[in-house]
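Taken in sequence, the protein lines are chains Y and C. At position 351 of the first sequence the residue is numbered 351 (the working numbering), and the sequence of numbers has no breaks. At position 103 of the second sequence the residue is numbered 103 (the working numbering), and the sequence of numbers has no breaks. First up is the structure itself, then whatever we jot down about it.
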Amino acid sequence: MIRLLRFSAFNLALGYIALSIAVLTLFATPLGMAWREGIDEARSAYLQQDVQRLTDIFGRQGVQGLIAAVDRYLDMPFVPERTILFADAALSRIAGNLAAWPSELPASPGTHELSIDRGGSLMQVVVIHAILPGGNHLLLGREISRFRKLEILFRYGFAGAAVAILLLGWLGGTLIRHVLLSEVQGVSQTASAIVEGDLSRRLPTNGGRDELDMLAQTVNRMLDQIEQLVHGVRNVSNAIAHDLRTPLAELRSRLEELSVTRPSPGETFAEIETAVADVDRVIGIFNALLRLAEIDTGARRSGFVQVDAAKIASEAAEFYQPVAELKWVTLTFASSGDLTAAGDPLLLAQAIGNLIDNALKYAQERGTIAVQAIRRPDGAIEVSVSDDGPGIPDDEKPKVTTRFYRGDASRGTPGVGLGLSLVAAVAKLHGGVLELTDNHPGLRATLLMFPANIRT
Amino acid sequence: MKILCVEDNERVARFVKKGLVEAGHTVDHADNGRDGMFLAASEPYDVIIMDRMLPGNIDGLGIIEAVRKAGNKTPILILSALSDVDDRIRGLKSGGDDYLVKPFAFGELLARLDALVRRSQESTAETTLVVDDLSLNLVTRKVTRAGQTVVLQPREFKLLEYLMRHANQVVTRTMLLENVWDYHFDPRTNVIDVHVSKLRQKIDAGSERPLLRTIRNAGYMLTADD
Numbered sequence: 001m002i003r004l005l006r007f008s009a010f011n012l013a014l015g016y017i018a019l020s021i022a023v024l025t026l027f028a029t030p031l032g033m034a035w036r037e038g039i040d041e042a043r044s045a046y047l048q049q050d051v052q053r054l055t056d057i058f059g060r061q062g063v064q065g066l067i068a069a070v071d072r073y074l075d076m077p078f079v080p081e082r083t084i085l086f087a088d089a090a091l092s093r094i095a096g097n098l099a100a101w102p103s104e105l106p107a108s109p110g111t112h113e114l115s116i117d118r119g120g121s122l123m124q125v126v127v128i129h130a131i132l133p134g135g136n137h138l139l140l141g142r143e144i145s146r147f148r149k150l151e152i153l154f155r156y157g158f159a160g161a162a163v164a165i166l167l168l169g170w171l172g173g174t175l176i177r178h179v180l181l182s183e184v185q186g187v188s189q190t191a192s193a194i195v196e197g198d199l200s201r202r203l204p205t206n207g208g209r210d211e212l213d214m215l216a217q218t219v220n221r222m223l224d225q226i227e228q229l230v231h232g233v234r235n236v237s238n239a240i241a242h243d244l245r246t247p248l249a250e251l252r253s254r255l256e257e258l259s260v261t262r263p264s265p266g267e268t269f270a271e272i273e274t275a276v277a278d279v280d281r282v283i284g285i286f287n288a289l290l291r292l293a294e295i296d297t298g299a300r301r302s303g304f305v306q307v308d309a310a311k312i313a314s315e316a317a318e319f320y321q322p323v324a325e326l327k328w329v330t331l332t333f334a335s336s337g338d339l340t341a342a343g344d345p346l347l348l349a350q351a352i353g354n355l356i357d358n359a360l361k362y363a364q365e366r367g368t369i370a371v372q373a374i375r376r377p378d379g380a381i382e383v384s385v386s387d388d389g390p391g392i393p394d395d396e397k398p399k400v401t402t403r404f405y406r407g408d409a410s411r412g413t414p415g416v417g418l419g420l421s422l423v424a425a426v427a428k429l430h431g432g433v434l435e436l437t438d439n440h441p442g443l444r445a446t447l448l449m450f451p452a453n454i455r456t
Numbered sequence: 001m002k003i004l005c006v007e008d009n010e011r012v013a014r015f016v017k018k019g020l021v022e023a024g025h026t027v028d029h030a031d032n033g034r035d036g037m038f039l040a041a042s043e044p045y046d047v048i049i050m051d052r053m054l055p056g057n058i059d060g061l062g063i064i065e066a067v068r069k070a071g072n073k074t075p076i077l078i079l080s081a082l083s084d085v086d087d088r089i090r091g092l093k094s095g096g097d098d099y100l101v102k103p104f105a106f107g108e109l110l111a112r113l114d115a116l117v118r119r120s121q122e123s124t125a126e127t128t129l130v131v132d133d134l135s136l137n138l139v140t141r142k143v144t145r146a147g148q149t150v151v152l153q154p155r156e157f158k159l160l161e162y163l164m165r166h167a168n169q170v171v172t173r174t175m176l177l178e179n180v181w182d183y184h185f186d187p188r189t190n191v192i193d194v195h196v197s198k199l200r201q202k203i204d205a206g207s208e209r210p211l212l213r214t215i216r217n218a219g220y221m222l223t224a225d226d
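Okay, structure coming up:
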């Protein structure tokens with residue numbers, strides 16, 4: 001029972017039972033009371049009338065008249081359930097069907113309920129005790145057990161209904177619990193499998209629109225996101241292990257060599273400076289990773305304000321302009337329409353800057369880079385950076401936004417392979433994506449912001 | 001300058017203190033929040049270096065808020081291992097004047113301290129900045145070198161204005177990036193150097209005495225001294 005109480009289905013059923021019984025009681029109690037009150041009143045009213053009639057006879061015809069009236073009264077057909085006793089001032093019997101004045105009856109006149117012994121059988125009666133003029137006593141009673149049967153029937157009916165509700169509630173609770181339990185067991189089995197590391201498991205759904213199915217669908221979407229994040233973390237850990245180990249290994253061997261060979265102070269200081277540069281490189285990777293993590297958690301949405309994407313893009317283009325000039329690359333900027341939307345100005349500037357920086361790395365000598373900001377008909381804001389460099393082969397395109405991925409073409413150029421991942425993460429934060437397409441020749445990188453997709 | 005350094009990491013504190021003393025400054029050091037709070041409230045300092053996370057029941061931001069509430073306007077530089085943009089904003093909102101993320105280069109710290117102290121002493125009513133024979137008018141936005149007008153792009157003007165406001169001080173690349181472009185990320189290429197060399201061509205071209213110097217391993221300095 002205690003165990004059953006812990007199930008929500010049973011609590012529900014118990015609550016339902018309690019409510020039903022309360023309603024039944026509320027319905028039956030006034031009914032029973034009214035019924036009983038009605039019968040009692042009618043009964044005492046009849047008795048009262050009889051008492052009045054006999055008192056009148058006593059007034060007109062005296063003791064003898066009343067004795068005769070009592071005898072006539074006793075001859076009537078309903079007498080078995082009636083009690084009548086006429087007694088003198090000392091409560092000694094004068095006439096009636098009682099052998100003696102009932103000792104437990106209070107001396108005062110009025111209506112009383114008591115059980116009396118009449119002819120050897122005990123009966124429950126309601127009596128009216130009246131004191132007649134001259135000090136004589138009259139007791140008139142009526143058996144009440146006649147209605148007892150009906151009352152008992154009523155009580156049994158009530159109890160029966162309560163038991164039926166109880167049983168039905170119990171049955172319902174068991175059924176609901178059974179159904180819920182089988183559903184919940186599916187969920188908990190899947191959850192256990194996931195806890196044990198099988199992230200590919202999903203809750204069973206039947207495509208229905210009931211509450212449990214909708215919950216299962218939501219949980220499945222959550223699991224998709226978690227799986228993606230976990231895979232991301234795994235990939236990143238592998239990549240960190242690989243990419244941080246290289247500069248750290250270099251740094252370590254440099255320092256170890258110093259401590260072993262102990263070269264001249266001048267050489268030592270030169271080596272230390274290189275070591276500091278190595279450390280700075282590691283710190284740079286860490287900072288980039290931390291920034292990515294910060295964006296991925298979505299926490300940066302708190303920094304969202306109304307931004308003008310055109311202004312940010314044109315400032316970024318202007319920022320890189322002198323570098324382009326050094327390489328004899330033509331860097332152009334064009335925008336059209338109103339490009340304001342909610343966004344993070346710092347991150348957008350960094351993302352667009354990364355795209356331009358990438359384009360500058362790969363653009364041909366005397367080539368061109370075009371930065372363009374427009375609003376698409378579907379409401380998305382599109383900032384694209386197109387270059388005329390070697391581009392990215394189609395099979396490498398999905399990989400370049402992976403953290404630490406460096407394509408063949410990028411070997412020998414500075415960078416740690418986090419630039420495009422950051423752009424992709426920033427685009428995602430703004431409800432969009434990073435699209436890489438062919439510019440024939442070259443690469444066209446498009447940062448899409450979709451303000452309508454952002455749920456805050 | 002008299003500098004208070006509140007920093008619980010012994011190694012970092014020693015490194016900072018040694019460098020600052022060598023640069024000719026007086027340094028008081030507190031290694032917990034309570035002592036730091038006491039010193040900041042009772043002694044006059046030119047600038048305070050405040051670590052964010054400190055032992056002693058009160059963190060760096062708490063001290064800064066308390067100090068500012070008491071009406072103390074000493075410039076404060078926050079040192080922190082927390083690099084999130086939000087952390088930075090929170091730090092500056094609490095009343096800090098600059099935010100430097102650990103690990104940092106000592107040159108960066110020194111340059112920023114100088115800039116903070118300069119800023120707090122600077123009179124805002126100035127309309128013309130002058131370094132040697134280079135002058136920049138903030139109202140007419142006219143720049144002249146030895147009487148010759150120098151034509152600058154708006155961003156170049158801003159860059160020169162920042163360098164002139166911090167004349168005779170080392171200004172790091174990060175400081176330029178943050179204050180001239182308002183960018184708070186590493187642009188990964190030498191963009192700043194290219195901007196500075198373009199500016200240098202305009203103001204120092206053909207001059208006997210170049211004013212805009214490159215300081216090795218640190219940044220730049222605009223100065224007439226040799």
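Every residue gets a Cβ at the ideal spot worked out from N, C-alpha and C, and that includes glycine. Small disclaimer: the values here were computed from a predicted structure and weren't measured.
Annotation: the continuous alpha helix (DSSP H) that includes residue 294 of chain Y extends over 265–296.
Taking a beta-carbon distance threshold of 7 Å, residue 35 of chain C does not count as an interface residue toward chain Y. A direct Cα-Cα distance of roughly 51 Å separates residue 387 of chain Y from residue 25 of chain C. Chain Y places a beta carbon closer than 7 Å to that of residue 188 of chain C, counting this residue as a contact. At a beta-carbon threshold of 7 Å, the residues of chain Y lying near residue 155 of chain C are 318, ordered along the chain. For chain C, the residues of the stretch 308–341 of chain Y that bring a beta carbon within less than 7 Å of one of its beta carbons are 318, 319, 320, 322, 323, 326, in chain order. Under the rule that a run must span 3 or more residues, the beta strand (DSSP E) segments found entirely inside the stretch 74–124 of chain C read 76–80, 98–101. Against chain Y, the beta carbon of residue 183 of chain C has neighbours under 7 Å at 349, listed in chain order. Inter-segment contact for the stretch 125–141 of chain Y and the stretch 160–171 of chain Y is absent: fewer than three beta-carbon pairs are separated by less than 8 Å. Proximity of residue 379 of chain Y to chain C, defined by a Cβ-Cβ separation below 7 Å, is not satisfied. Listed along chain C, the residues sitting closer than 8 Å to residue 283 of chain Y by beta-carbon distance are 103.
Here residue 45 of chain C carries a coil assignment [DSSP, helix/strand/coil].
Within the model, the alpha-carbon separation for residue 107 of chain C versus residue 113 of chain C is close to 10 Å.
In summary, the residues of the stretch 86–98 of chain C whose CB is separated from some CB of chain Y by less than 8 Å are 86, 89, in the order they occur in the chain.
Interface criterion not met: the Cβ of residue 25 of chain C is under 7 Å from no Cβ in chain Y. Using a Cβ-Cβ cut-off of 9 Å, residue 357 of chain Y is close to 187, 188, 189, 191 of chain C, given in chain order. In the DSSP secondary-structure assignment, residue 342 of chain Y is bridged to Y:306. Along the stretch 7–28 of chain Y, none of the residues has a CB nearer than 8 Å to a CB of chain C.
Taking CB atoms only, residue 195 of chain C has a neighbour in chain Y less than 7 Å away. In this structure, residue 136 of chain Y places its C-beta atom within 7 Å of the C-beta atom of residue 88 of chain Y.
Measuring C-alpha to C-alpha distances from residue 150 of chain C to each of C:122, C:135, C:219 identifies C:135 as the nearest.
Against chain Y, the beta carbon of residue 80 of chain C has no neighbour under 7 Å; the closest one sits roughly 13 Å away. Per the Cβ contact rule, the stretch 357–377 of chain Y is in contact with the stretch 306–314 of chain Y (3 or more Cβ pairs under 8 Å).
Bounds of any alpha helix (DSSP H) do not take in residue 447 of chain Y; it lies within the beta strand (DSSP E) bounded by 443–449. With fewer than 16 other Cβ atoms from the protein chains shown falling within 10 Å of its own Cβ, residue 110 of chain Y counts as exposed. Under the Cβ criterion of 7 Å, residue 420 of chain Y is not counted among the residues facing chain C. Burial is judged here by how many other beta carbons sit within 10 angstroms of a residue's own beta carbon; residue 29 of chain Y has fewer than 16 and is exposed. In the DSSP annotation of this structure, the continuous segment of the alpha helix (DSSP H) that includes residue 179 of chain C starts and ends at 173–180.
For residue 202 of chain C, there are no C-beta contacts with chain Y under 8 Å, since the nearest C-beta of that chain is about 12 Å from it. Comparing alpha-carbon positions, the option among Y:15, Y:57, Y:155 lying closest to residue 31 of chain Y turns out to be Y:155. Here residue 21 of chain C has 27 as same chain residues with Cβ atoms under 7 Å from its own Cβ, once five neighbours each way along the sequence are excluded. Neighbours of residue 198 of chain C in chain Y, taken as residues at a C-beta separation under 7 Å, are given in chain order as 322.
In the assembly as shown, residue 80 of chain C is a buried residue. Its beta-carbon has 16 or more other beta-carbons within 10 Å. Listed along the chain, the chain C residues whose CB falls inside 8 Å of the CB of residue 302 of chain Y are 86. Not one beta carbon of chain Y lies nearer than 7 Å to the beta carbon of residue 135 of chain C. Counting C-beta atoms within 10 angstroms of its own C-beta, residue 362 of chain Y has 16 or more neighbours from the protein chains shown and is therefore classed as buried.
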